[in-house]
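Heads up: the sequence shown begins at 82 in the numbering used here, then just goes up one per residue. Ideal Cβ placement from N, Cα and C applies to all residues, glycine included. All figures in this text were calculated on a predicted structure; none of them were measured in a lab. Everything below concerns the one structure shown next.
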Amino acid sequence: QVHVIESGGGLVQAGGSLRLSCAASGGTFSGYRMGWFRQAPGKEREFVAGIGWNPTYYADSVKGRFTISRDNAKNTVYLQMNSLKFEDSAIYYCAAATRLGGAYDVWGQGTQVTVSS
């Protein structure tokens, strides 16, 4: 059974940076499409960034500020977040799509990111 667990959240001032990590276990990580999502209080969960074999995808709200990457040797995906804004505050979730062409079907518990203005 595949599991993912996030780390790296915290409190940061606006304009600062954080790097989130997501470690996967129990499956063939290199074959999975991985993604980051976030959910702010009172809002629906939204897509932030995704990565497959090579291409990366970003929500318009984070383009140019966030970078998703993966290290298949470490079964880990990262989200480097720069120039953080107050509105980036949310719980950030890591997700894996374990079936080719399928939806994200494995989710982590989330890590809190709080950006102070």
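Asked, Found
"Quick check: what's the CA-CA separation for residue 111 versus residue 125?", "29 angstroms"
"Quick check: the Cα distance between residue 163 and residue 89, rounded to an integer number of angstroms?", "14 angstroms"
"Report the partner residues of residue 188 according to the DSSP bridge assignment.", "176"
"Can you give me the Cβ contacts of residue 93 inside the same chain, cut-off strictly under 7 angstroms, excluding the 5 residues immediately before and after it?", "99, 165 and 196"
"Take residue 82 and list the residues in its own chain whose beta-carbon comes closer than 6 angstroms to its own, dropping the five residues that flank it on each side.", "107"
"Do residue 143 and residue 129 have their C-beta atoms within less than 8 angstroms of each other?", "yes"
"By DSSP, does residue 37 sit in helix, in strand, or in coil?", "A question about residue 37 goes unanswered here, because the residues of the chain that appear run from 82 up to 198."
"Given a cut-off of 8 angstroms, decide if residue 121 and residue 171 are closer than it, judged by their beta-carbon atoms.", "yes"
"Buried or exposed for residue 154, please, with buried defined as at least 16 other CB atoms from any protein chain shown within 10 angstroms of its CB.", "exposed"
"With distances taken Cα to Cα, identify the nearest neighbour of residue 84 among 198, 123 and 190.", "190"
"Would you kindly work out how many angstroms separate the C-alpha atoms of residue 181 and residue 114, rounded to a whole number?", "8 angstroms"
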